[in-house]
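Novice: First the structure, then my questions, so here it is.
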Amino acid sequence: MTAEVSDIEKAAGVLRRGGLVALPTETVYGLGANAEDPAAVARIFQVKGRPPSHPLIVHIGGAEHLDDWVQDVPATARLLAERFWPGPLTLVLRRGPRVPLEATGGLETVAVRVPDHPVALALLSAFGGGITAPSANRFASVSPTTADHVRTELGDGVDFVLDGGSCEVGVESTIVDATGDAPSILRPGGVTREELEVVLGCSLAAPSTSRVRVPGQHPSHYAPGARVVLVEPEKLVAEAELAQERGHRVGVFLPASFADAEVKVHAVAALPASMADYARGLYGFLRELDQQDCDLIVASLPVEEGLGVAIANRLRRAAGPRATV
Ligand code: AMP
Ligand code: MG
14 MTAEVSDIEK
24 AAGVLRRGGL
34 VALPTETVYG
44 LGANAEDPAA
54 VARIFQVKGR
64 PPSHPLIVHI
74 GGAEHLDDWV
84 QDVPATARLL
94 AERFWPGPLT
104 LVLRRGPRVP
114 LEATGGLETV
124 AVRVPDHPVA
134 LALLSAFGGG
144 ITAPSANRFA
154 SVSPTTADHV
164 RTELGDGVDF
174 VLDGGSCEVG
184 VESTIVDATG
194 DAPSILRPGG
204 VTREELEVVL
214 GCSLAAPSTS
224 RVRVPGQHPS
234 HYAPGARVVL
244 VEPEKLVAEA
254 ELAQERGHRV
264 GVFLPASFAD
274 AEVKVHAVAA
284 LPASMADYAR
294 GLYGFLRELD
304 QQDCDLIVAS
314 LPVEEGLGVA
324 IANRLRRAAG
334 PRATV
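In this note's numbering, the protein residues as written are 14 to 338.
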């Protein structure tokens, strides 16, 4: 089901009254609040169970509103905004006075983007302000790509869920530190390094050169209930079957090139051949294997180019040591 005009009006009203709205974007569903309302922003952290030092992304209705939220915008940032918005690219820039420190985790920088989803854009237009939103899931768990995922995970914590169908991109936005003259990627996502470099006409600076904190880089993030282990592709089937024999309920991420392989495990997620389809389905596959009661997910990393970089990043974090926060 997709949101109607009356739903958009209702959601805008909830935001104006300081409530929380789950909204569809092309990347994942967001848990949104009025970006200028510190109490509403504080509730996002409460509902997610997210440490308040982890900054959020401010969603705006168009590149023409950028200067309402940030200061000192370098020419390269304007170029990226012009070329990629609306779209899965988040720019980190110097915070403007309208952005409360609650939304930036106390940082003097703020992350901003224009989502490429008709429902999100209609909500931004009806609301008129900025909507600050992280992904609409509990801290460190798998991001939601359908309205049902949000309802299941956050329940009454959200005042209103706008349904905009399944997310087209399926992984979070690419975050670029655009505060200086040499932009760098802080988190790989829906816009690829290759696409950014074509527009910039040069290579992007290595992430380590940035001093900005990137909470999405927490060792364990995007993690399902089942433990995730990563193995070399040539050992995938053997390792998965071995773990199953040892008593685990194993779910395996089976690449398209293995389609004919018969794997003796509890459950199989058959991966699509295209990286865009894999990204779109990634979080859904993790959730499905959880639902099928797997206690161990065995996967291999895809080739790390294009969208494969973002997929590999999420899989590594899903497999990372679990947080005790
Ligand atoms: P989420 O996708 O749910 O993790 O939420 C938004 C993400 O935006 C955070 O995890 C951060 O990685 C990133 N972010 C937001 N603001 C900033 C900032 N000022 N500097 C660096 N990263 C940021
Ligand atoms: Mg998240």
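The C-beta atom is built at its ideal place from N, Cα and C for all residues, glycine as well.
Keep in mind the model is a prediction, meaning the values are calculated, not measured.
1. Thinking just about the alpha-carbon of each residue, which of His67, Ser270, Asp161 and Pro157 is nearest to the one in Val316?
2. Would you identify the three-state DSSP class for Gly32, choosing helix, strand or coil?
3. Tell me the residue span of the beta strand (DSSP E) that contains Phe271.
4. Within 7 Å: the Cβ of Pro131 and any heavy atom of ligand 1?
5. Quick check: the Cα distance between Arg56 and Leu33, rounded to an integer number of angstroms?
6. Please list, in chain order, all residues of the same chain as Asn326 whose beta carbon is under 6 Å from its beta carbon, the five residues on each side excluded.
7. Output yes or no for whether 8 Å exceeds the beta carbon distance between Leu106 and Thr40.
8. Which residue's Cα is closest to the Cα of Ser154: Ile310, Gly74, Gln59 and Tyr296?
9. Does at least one heavy atom of ligand 1 sit under 7 Å from the Cβ of Thr192?
10. List the DSSP bridge partners of Thr145.
11. Work out the CA separation of Leu137 and Leu175 for me, nearest whole Å.
12. According to the neighbour-count rule (16 or more other Cβ atoms, all chains shown, within 10 Å of its Cβ), is Val71 buried or exposed?
13. Looking at chain D, is there any beta carbon in it that lies within less than 8 Å of the beta carbon of Glu77?
14. With DSSP collapsed to three states, give me the class of Arg96.
15. Any residue with its C-beta under 6 Å from a non-hydrogen atom of ligand 2 counts. Can you list them all in chain order?
Specialist: Inspection of the coordinates gives the following:
1. One-based indexing of the sequence shown puts residue 316 at position 303. Nearest of His67, Ser270, Asp161 and Pro157 to Val316, Cα basis: Ser270.
2. Sequence index remark: in the sequence shown, residue 32 carries index 19 (1-based). Gly32 falls in the coil class under three-state DSSP.
3. As a working mapping, residue 271 is identified with position 258 in the sequence shown. Per DSSP, Phe271 belongs to no beta strand (DSSP E) and is neither H nor E.
4. Residue 131 sits at position 118 when you count from the first residue of the sequence shown. Flag unset: Cβ of Pro131 not near ligand 1.
5. Start at 1 with the first residue of the sequence shown, and residue 56 comes out as number 43. Start at 1 with the first residue of the sequence shown, and residue 33 comes out as number 20. When rounded, the distance between both Cα atoms is 8 Å.
6. Against the sequence shown, residue 326 aligns to sequence position 313. Result list for Asn326: Pro201, in chain order.
7. As a position in the sequence shown, residue 106 is number 93, starting the count at 1. As a position in the sequence shown, residue 40 is number 27, starting the count at 1. It is not a contact, given that the beta carbons lie outside the stated cut-off.
8. Here the question's residue 154 lines up with position 141 in the sequence shown. Comparing Cα positions, the closest option is Tyr296.
9. For the purposes of this step, residue 192 is identified with residue 179 of the sequence shown, where counting begins at 1. Flag unset: Cβ of Thr192 not near ligand 1.
10. Working through the sequence shown from its first residue, we reach residue 145 at position 132. Ala46 and Val71.
11. Taking the sequence shown and counting its residues from 1, one reaches residue 175 at position 162. Taking the sequence shown and counting its residues from 1, one reaches residue 137 at position 124. Rounded to the nearest angstrom, the two C-alpha atoms are 13 Å apart.
12. Within the sequence shown, residue 71 is the residue found at index 58, counting from 1. So Val71 counts as buried.
13. In summary, chain D is missing from the structure at hand, where a single protein chain is found.
14. Reading the sequence shown from its first residue, position 83 is the one you call residue 96. In this structure, Arg96 counts as helix in the three-state DSSP scheme.
15. Pro147, Ser148 and Ser156
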